[in-house]
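Below is one structure, written out as structure tokens; comments come after it.
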Ligand code: SAM
Ligand code: SF4
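In the numbering used here, the protein residues as written are 314 to 683.
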């Protein structure tokens, strides 16, 4: 049977062998071979970093077309439906990753809520031994309808991307006139008890950098954490350049003129450095991959919707796990490939020669899973 994706039933896909595999791995630890490169069975790379977090992209498709993410409509080539991992396949890969030490999962995309029956997948991932939390990053379009079901499925928290509070500008940035609906989605996520509810904003010079204080005020009123992300050169339009990046430091300088802030620093392996509003009304995070990369203690790996393991957001080498899962490979083969892939994790964005010598980007953000 074909893979699960839009409009295709997610149930009844597992072959008897797959079902046996899933039954064995739910609640049990795998016995895995040594990768040959490593002395223990954790996801350690050459620099000694150990991966504990996984981002799972469930689709490259999106109903928005954010200008810092998607290519132009006529230049989009979607991953073919039959290449997308079905839920059994995702569960299988995540089970092996969990047996190698992955503890936290974030579901992403494309827009993850376009994936039919996503609650089913969340429930399955939550049940995998070793997984301590499952969160999601979403554009918020389907949140109003889905928040409660997601919570009931075991989703812990949700990060909603919100780049403007002005309807016309929101439409210009995201390609869809969706601001009221996204704001309702955020309220619904709070009502449903998803926790934490956070906001992600990509700050782009000349597009929304004059709205930083408004976005902060919106978040503070609701006691929601807001994180500003520096624009990364993973966009499909090729509009990225250093001048469009709003460095985190600039944001802190501007914000602290209005709100007294206290620096809380960046926790080990966290992406954001945190600042607390001194009046106690929430906090502010800065994700600064361009101006202050945090690669030295990175503990994340990614699984793309078509089953490639990516050890770094900026890596150009994709490690195919789908052919192992689809062609009857064992969990040990899967583990071995994963261990070897993680071992080769690049040092990080700051060390990549292509960032200076020219950009050879294999995929845009929507197809990687941000
Ligand atoms: N569609 C969902 C959303 O927009 O939240 C999830 C996928 S999106 C690729 C994940 C995150 O990456 C979002 O917060 C989005 O704003 C961010 N993002 C996308 N392109 C980016 C870029 N070029 N630089 C920095 N962040 C980016
Ligand atoms: Fe879609 Fe998210 Fe990319 Fe925007 S950032 S186009 S919502 S995947």
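The C-beta atom is built at its ideal place from N, Cα and C for all residues, glycine as well. Remember, it's a predicted structure, so these values are computed and weren't measured experimentally.
What residue range is occupied by the uninterrupted beta strand (DSSP E) comprising residue i?
i, result
"residue 513", "510-516"
"residue 413", "Run containing residue 413: none; DSSP gives neither H nor E here."
"residue 650", "Here residue 650 belongs to no beta strand (DSSP E); instead the alpha helix (DSSP H) covers 644-656."
"residue 447", "446-451"
"residue 662", "Neither: residue 662 is in no beta strand (DSSP E) and is coded neither H nor E."
"residue 577", "574-578"
"residue 472", "471-474"
Where do the N-terminal and C-terminal ends of the alpha helix (DSSP H) with residue i fall, by residue?
i, result
"residue 738", "Past the edges of the chain, shown from 314 to 683, lies residue 738, and the structure says nothing about it."
"residue 481", "480-487"
"residue 562", "561-571"
"residue 458", "456-466"
"residue 505", "492-505"
"residue 537", "Premise fails: residue 537 is in no alpha helix (DSSP H) and is neither H nor E."
"residue 638", "635-639"
For residue i, does the three-state DSSP call read helix, strand or coil?
i, result
"residue 678", "helix"
"residue 347", "Its pLDDT being 41, under 50, residue 347 is placed unreliably in this model, and the value from its coordinates should be taken loosely. Coil at residue 347, not helix or strand."
"residue 525", "helix"
"residue 621", "strand"
"residue 683", "coil"
"residue 336", "Interpretation of residue 336 is limited by its pLDDT of 36, a score under 50 that renders its predicted location unreliable; no figure is taken from the coordinates."
"residue 433", "helix"
"residue 341", "Only weak support is given to the placement of residue 341: the predicted model assigns it a pLDDT of 36, under 50, and the value that follows is read from those uncertain coordinates. Coil at residue 341, not helix or strand."
"residue 558", "strand"
"residue 594", "coil"
"residue 613", "strand"
"residue 438", "helix"
"residue 530", "helix"
"residue 587", "strand"
"residue 423", "coil"
"residue 552", "coil"
"residue 265", "Absent from the model: residue 265. The displayed extent of the chain is 314 to 683, so no value can be given."
"residue 626", "coil"
"residue 599", "strand"
"residue 428", "coil"
Does the beta-carbon of residue i, which I'm using as the reference point, lie nearer than 7 Å to any heavy atom of the ligand SAM?
i, result
"residue 423", "yes"
"residue 559", "no"
"residue 539", "no"
"residue 515", "yes"
"residue 548", "yes"
"residue 544", "yes"
"residue 451", "yes"
"residue 661", "no"
"residue 678", "yes"
"residue 683", "yes"
Please determine whether the Cβ atom of residue i lies at a distance below 7 Å from any heavy atom of the ligand SF4.
i, result
"residue 474", "yes"
"residue 640", "no"
"residue 382", "yes"
"residue 377", "yes"
"residue 390", "no"
"residue 693", "Nothing about residue 693 can be reported from this structure: the residues present for the chain run from 314 to 683 only."
Thinking just about the alpha-carbon of each residue, which of the options is nearest to the one in residue i?
i, options, result
"residue 685", "549, 581 and 431", "Absent from the structure is residue 685, since the part of the chain shown begins at 314 and ends at 683."
"residue 565", "546, 599 and 547", "599"
"residue 546", "386, 681 and 609", "681"
"residue 477", "368, 527 and 679", "527"
"residue 440", "411, 394 and 580", "411"
"residue 543", "361, 648 and 382", "382"
"residue 445", "590, 367 and 575", "367"
"residue 558", "577, 516, 594 and 475", "516"
"residue 364", "634, 640 and 622", "622"
"residue 475", "469, 499, 460 and 458", "499"
"residue 404", "620, 677, 640 and 631", "620"
"residue 553", "384, 374, 512 and 359", "384"
"residue 402", "497, 604, 617 and 580", "617"
"residue 576", "569, 570 and 588", "588"
Mind listing, in chain order, the continuous beta strand (DSSP E) runs of no fewer than 3 residues lying wholly within the segment 363-419? 366-370
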